[in-house]
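Asks:
Number of protein chains: 2
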Amino acid sequence: MPYYIGDVIKDYKRLVIRTPEDFKKSGVDVKIKTRAEDVDPKKGIVSLSDGTTLPYDILVMATGADAARLGLPGEDMEGVFFFRKLTDALKMKSFLDSKPCRKAVIVGAGYIGMEMCEAFRTLGIETQVIDILPRPVLRWDPEFAKVVLEELGKNQITFFPGTKPLSIEKGKDYALRLVTDKGNLEADLILIGVGTKRSNELAESLKLKMGESGAIKVDFSQRTSMNDVYAVGDCCEVFHRVIGKWVYFPLGDVANKQGRTAGQNIGGAPSEFPGVVGAQSFKLFKLEVAATGLTEEEATKYGFQPVSTIIAGLPVGRPMAKGEKLGLKLIADKPTGKLLGAQAIGEKGAVARINSLSVALWSGLTLEQIGYLDLAYAPPFGGAWDAIHIAAQTLARKL
Amino acid sequence: MPYYIGDVIKDYKRLVIRTPEDFKKSGVDVKIKTRAEDVDPKKGIVSLSDGTTLPYDILVMATGADAARLGLPGEDMEGVFFFRKLTDALKMKSFLDSKPCRKAVIVGAGYIGMEMCEAFRTLGIETQVIDILPRPVLRWDPEFAKVVLEELGKNQITFFPGTKPLSIEKGKDYALRLVTDKGNLEADLILIGVGTKRSNELAESLKLKMGESGAIKVDFSQRTSMNDVYAVGDCCEVFHRVIGKWVYFPLGDVANKQGRTAGQNIGGAPSEFPGVVGAQSFKLFKLEVAATGLTEEEATKYGFQPVSTIIAGLPVGRPMAKGEKLGLKLIADKPTGKLLGAQAIGEKGAVARINSLSVALWSGLTLEQIGYLDLAYAPPFGGAWDAIHIAAQTLARKL
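Just so you know, the protein sequences line up as chains R and U, in that order. Our numbering numbers the first residue of the first sequence as 40 and each following residue consecutively. Our numbering numbers the first residue of the second sequence as 40 and each following residue consecutively.
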């Protein structure tokens, strides 16, 4: 019975699976293009779309999430893309290889939208971005969105805020026309990146307990409410260490960690995934954009009393600076002095600062402590007082 | 009495001092080229080398350290330099501006030696380095020293290990000749960078208690054993959080933090400097070289049971890698699983990893925790499993 995960997992330390060939060698039977239609937890049987069934000892729900659709008329036309899976990228690549694309319109200024801006411009494609919200990347505060907008502008990308897409139709000068409440945009390619949508059907048919967020409820071992059923990745919740609550936070690195935790527990090495602090980042042309923890708005929502500061720092020591900037915002809880979140943006050093601050958040450090952290000082990499110290000390004075 | 620090410090929040002019404006009387010869703590009086005296309420010892000398015959010849103060750098600059320098020999392969390698090569000066030790930058383990040596080689710098300088004399083909136990090296310039030496005279005349390291003993508020006498910077000890002991660790960023702490306490804002974890770094041409915490040798010396691992990681996500490498070594304590130290080297991302790990060290995290830290993942900045995670999980298996 090669599909008993327990049979394989015994040797998990030596098992490296990267290709279908590896799977074959490992003895794991991978059924592609097959959907799990139904699960009978009493009998331990999964019914598949090819009409067969699979018995199981342990079931891992890793059903992920799909790209959210807007249900626009014309959403299925050729040249309209959603981005979620490897196959989505391959489809777009073959589209771009097969015909000249002069112009792209991106619907949604989140991660996918921002990252694809750079990809399109690198290919020489004129690019425009619309979003129903007033600014791009809402996770970052307006001061940071301003820098993002400037970077888009520098790269000849127009951003249309507060713009609602209504439908897609055939264009006149370009293949497609996106009709919005603010007018029409024509393009050869339209990419819709407006977040994710989970399909909970299988979980619900199993009667797994769902969390407040609507995703599958798990514990620190990735166990669901049902015996012998684990869940990992974008279909389940994750513990947020700053809030102290289970939330929905579908990111690739989190899914990896949950998968490892479930695998270890299934393989007999008890293991817990201690949760996230909300670290995230993306690259936009020359900019690093990063954040961790909570925004002020989230902090208020979760009962904290946030205070914040923004500093214009340097990613290197002052004598070495060649005009680089590093914007750093810290958010802390007034009564406890603990860090709650941080945002950073700059040509370099933004992700590095956010990572150090993520470890500080993880450990529950206060501004007082962060103001004196021991960082590896050398002028090419920062000042004797790093931007982190300066921001923490500045904010500490507001407590 | 403008030299009463208390008079000035009242306004410390608004006081920014960068130039002698700022000092004048601030009302602080700065006596340059004046040595404090003696202190009478009972009367609260400092005797100066210009024959005058200064009364004080509070005394801050910030006597620093000097560049160590080797006492070599010829050490005072023109073209021989020690590097410690701004004036040392200015002297070398005017020497280099005044006459052509074809070749430099550096004695000592520590921070000063390594950083000056790059400076000399940038000026087109042929450069050789000798050290009495078997490898450069002893703070890093042999695997890392090997990469440092390769980088030196790529930049046409020859390193002579285990070489003892004996004397300096007039050269034949170049202005100077360094005589060593392994032969002679001629050069137009010789830089001696072999560490620092404190002058403890004043502290001893004051009968300040000295620590085990031989530097002035202070507490977390930077107070010495004597009422109203503070000490900061390279003349005093600092608390090492990993070892839990007071040590001598003379680095610029530490001195800054101690100065701030003393200033706050003197100014009436009680403050403690929580100490260091040993973070340090330098840039060598294209390489970032960084370390934090303890080496295995130090860990053993201080009673830990170190285990370690080295991984060859990536500073970016695998699909984005263009041949960059990131060497990362972690050292942990076998019985507790706590991180004790880390070393990193690479074209990019080495300092960033060491800074995150420094925060982990500061917070006393275990390998188990570090293996699941939430870092801001995006492929341009690291893998979904960062080098930090991989190293921590690899080492955790040795516990």
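Built from N, CA and C at the ideal position, the CB exists for glycine as well.
Run down chain R in chain order and give the residues with a C-beta less than 8 Å from the C-beta of Leu379/U.
Replies: Residues of chain R passing the Cβ test: none, with the nearest at roughly 14 Å.
Asks: Does DSSP put Thr126/R in a helix, a strand or coil?
Replies: helix
Asks: Tell me the rounded alpha-carbon separation between Leu365/U and Ala351/U.
Replies: 6 Å
Asks: Based on Cα-Cα distance, which residue from Thr235/R, Gly362/R, Arg178/R and Val346/R lies nearest to Leu440/R?
Replies: Beyond the ends of chain R as shown, which are 40 and 438, falls residue 440/R; an answer cannot be given.
Asks: Run through DSSP, which three-state label would Gln261/R get?
Replies: coil
Asks: Are the C-beta atoms of Gln382/U and some chain R residue less than 7 Å apart?
Replies: no
Asks: Count the other CB atoms within 10 Å of the CB of Asn223/R; is the residue buried (16 or more) or exposed (fewer)?
Replies: exposed
Asks: In three-state terms, what does DSSP make of Gln167/R?
Replies: strand
Asks: Can you give the beta carbon distance from Ala242/U to Met100/U, rounded, assuming they're within the 8 Å contact cut?
Replies: 6 Å
Asks: In the DSSP assignment, what residue or residues form a beta bridge with Ser320/R?
Replies: Ala329/R
Asks: State yes or no: is the beta carbon of Leu98/R nearer than 7 Å to at least one beta carbon in chain A?
Replies: Here the protein chains are R and U, and chain A is not one of them.
Asks: Select from Leu400/U, Phe420/U and Ile429/U the residue whose C-alpha is nearest the C-alpha of Tyr411/U.
Replies: Ile429/U
Asks: Between which residues of its own chain and Asp212/U is the CB-CB distance below 8 Å, once the five residues before and five after are set aside?
Replies: So the qualifying residues of the chain are Glu225.
Asks: In its own chain, which residues sit with a C-beta less than 7 Å from the C-beta of Phe312/R, not counting the 5 before and 5 after it?
Replies: Phe259, Gln261, Lys296, Gln297 and Thr300
Asks: Quick one: is Val69/U near chain R, going by C-beta distance under 7 Å?
Replies: no
Asks: Since Thr331/U meets chain R, which of its residues come closer than 7 Å, beta carbon to beta carbon?
Replies: Ala415
Asks: Give the residues of chain U in contact with Asp292/R, contact being defined as C-beta atoms less than 7 Å apart.
Replies: Tyr416 and Ala423
Asks: By alpha-carbon positions, which one of Thr92/U, Phe183/U, Lys81/U and Phe420/U ends up nearest to Ala329/U?
Replies: Phe183/U
Asks: So, under 8 Å CB-CB, Leu400/U and Val316/U are touching, yes? Tell me the CB distance rounded to an integer number of Å.
Replies: 4 Å
Asks: Quick check: the Cα distance between Ile255/R and Ser264/R, rounded to an integer number of angstroms?
Replies: Each residue's alpha carbon lies about 9 Å from the other.
Asks: What residues in the region 387-417 of chain R bring their beta carbon closer than 7 Å to a beta carbon of chain U?
Replies: Residues Val390, Ala391, Ile393, Asn394, Ser395, Ser397, Val398, Ala399, Trp401, Ser402, Leu404, Gln408, Tyr411, Leu412, Asp413, Leu414, Ala415, Tyr416 and Ala417.
Asks: What residue range does the alpha helix (DSSP H) around Leu406/U cover?
Replies: Leu406/U -> alpha helix (DSSP H) spans Leu406 to Ile409.
Asks: Jot down the residue ranges of each uninterrupted beta strand (DSSP E) in the region 194-266 of chain R, minimum 3 residues, whole runs only, in chain order.
Replies: 196-199, 204-209, 215-219, 222-226 and 228-231
Asks: Given a limit of 9 Å on CB to CB distance, which residues of the region 308-323 of chain R reach chain U?
Replies: Ser310, Glu311, Phe312, Pro313, Gly314, Val315, Val316, Gly317, Ala318, Gln319, Ser320, Phe321 and Lys322
Asks: Give me the chain R residues within the contact set of Pro419/U, using Cβ-Cβ distance strictly less than 7 Å, ordered along the chain.
Replies: Lys322
Asks: From what residue to what residue does the alpha helix (DSSP H) around Glu76/R run?
Replies: No alpha helix (DSSP H) holds Glu76/R; the beta strand (DSSP E) holding it covers Ala75 to Asp79.
Asks: Could you pull out every residue in the same chain whose Cβ sits closer than 6 Å to the Cβ of Glu335/R, ignoring the five residues on either side in sequence?
Replies: Pro345, Ser347 and Ile370
Asks: How about Lys296/U: is its C-beta nearer than 7 Å to some C-beta of chain R?
Replies: Judged by the 7 Å Cβ criterion, Lys296/U is in contact with chain R.
Asks: If we call anything under 7 Å between Cβ atoms a contact, is Ser395/U one with Ser402/R?
Replies: Contact: no.
Asks: Report all residues from its chain with a CB closer than 8 Å to the CB of His279/U; omit the five preceding and five following residues, and keep chain order.
Replies: Trp285, Val286, Phe288, Gly314, Val315, Val316 and Gly317
Asks: Can you tell me which of Leu434/R, Phe321/R, Pro175/R and Pro112/R puts its alpha carbon nearest to the alpha carbon of Gly421/U?
Replies: Phe321/R
Asks: Could you pull out every residue in the same chain whose Cβ sits closer than 8 Å to the Cβ of Leu406/R, ignoring the five residues on either side in sequence?
Replies: Leu369, Ala371, Gly376, Lys377, Leu378, Ala431, Gln432, Leu434, Ala435 and Leu438
Asks: For Ile305/U, report the span of its alpha helix (DSSP H) as first-last.
Replies: Gly291 to Ile305
Asks: Measure the Cβ-Cβ separation of Gly113/U and Ile231/U and say whether it is below 7 Å.
Replies: no
Asks: Counting only the same chain and skipping the five closest in sequence on each side, list residues whose C-beta sits under 7 Å from that of Ala75/R.
Replies: Val85, Leu87 and Leu241
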